[in-house]
Structures are given as structure tokens and as C-alpha cells.
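Residue -5 is where the sequence shown starts when you use my numbering, and the numbers rise one by one after that.
The beta-carbon is built from N, C-alpha and C at its ideal position, and this holds for glycine as well.
Note that the structure is a prediction, hence the values are computed from the model and not measured.
So the structure is just underneath, and the comments pick up after that.
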Amino acid sequence: MAYRKLGRDCKHRRSMLANLTKAVILNESIKTTEDRAKEVRKFVDKMITYGKNGDLVSRRKALAFLHNDKEVVNKLFNDLNKRYESRNGGYTRIIKLDERKGDDALVVILELV
């Protein structure tokens, strides 16, 4: 599976993706670059699928990825699983904005549907 390295080493990239995933789940919307949003989307969808499963194994996997943040995992397993129980994927949407002034990176909004 091809993935974006995002200019970081493995540990920094994993930590950044986990933090962005937590931000999307808590705030239901973030503003970031297009490459980061496309990469984070995979993890947000996976976490919501874990929340829909609702079993102990899924909760432990979500806790492991999200740095043991119980507030995020509780929102995932208590609120978001009810919202998306009839939906089979596609939990996020990317809305393109414009280029960032400093480096011309395309800025987007990643939000939950």
C-alpha cells in the first residue's frame, strides 16, 4: 500500500497522524493541507469503523492508536457509532480552499459527514 511520507520520519509521522485523527474526531472538522487530509482520512475512517464494531478488541485498538486518549475514544464509541451505524464508509469529506501564502500548499477542510 502506497502512502505519503509527509516529510517526516516514521515515529513523527505516526504521531502527527494520530493527533490529526484525534482533532477530527473531537472537533469534527480541521483545516490542513491536502496531502495530510488525504492521509488522515484513512485513519479517521478506520477509527469510526472500530467504533461501529463496539467490541473490546476494537476499543483497545483505537486506544492504542489514539495515544490512550479516553475522551476521544468515548466520543467515538458512544456518539459517532450511532450517527454512522447505517453508513458503510465515506465518513469524511474534503473541501478545497485555496493555496497557503508561504509555500503554495493547497489548504482544505477535512470534516465528518
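With residue i as the anchor, note down where its beta strand (DSSP E) starts and where it stops.
i, result
"leucine 74", "Unbroken run through leucine 74: none, as it is neither H nor E."
"glutamate 93", "86 to 93"
"valine 107", "Here valine 107 belongs to no beta strand (DSSP E), and DSSP marks it neither H nor E."
The alpha helix (DSSP H) spanning residue i covers which residue range?
i, result
"lysine 32", "28 to 47"
"serine 52", "50 to 59"
"serine 9", "4 to 21"
"asparagine 68", "64 to 69"
Can you list, in chain order, the residues of its chain with a C-beta nearer than 8 Å to that of residue i? Leave out the 5 residues immediately preceding and following it.
i, result
"threonine 27", "Arg94, Ala99, Leu100, Val101, Val102"
Note down, in chain order, each residue of its chain lying with its Cβ closer than 7 Å to the Cβ of residue i, except the 5 sequence neighbours on either side.
i, result
"arginine 53", "Val67, Phe71"
"tyrosine 78", "Ile42, Lys46, Tyr85"
"glutamate 22", "Glu105, Leu106"
Starting from the C-beta of residue i, find all residues in its chain whose C-beta is less than 6 Å away, skip the five residues before and the five after it, and write them out in chain order.
i, result
"arginine 87", "Glu105, Val107"
Tell me residue i's beta-bridge partners as DSSP assigns them.
i, result
"lysine 25", "Ile103"
Taking residue i and residue j to be in contact with their CB atoms under 8 Å, please state how far apart those CB atoms are, rounded to whole angstroms.
i, j, result
"aspartate 29", "arginine -2", "5 Å"
"aspartate 39", "glycine 83", "6 Å"
"isoleucine 19", "lysine 55", "With a Cβ gap of about 14 Å, isoleucine 19 and lysine 55 do not count as contacting."
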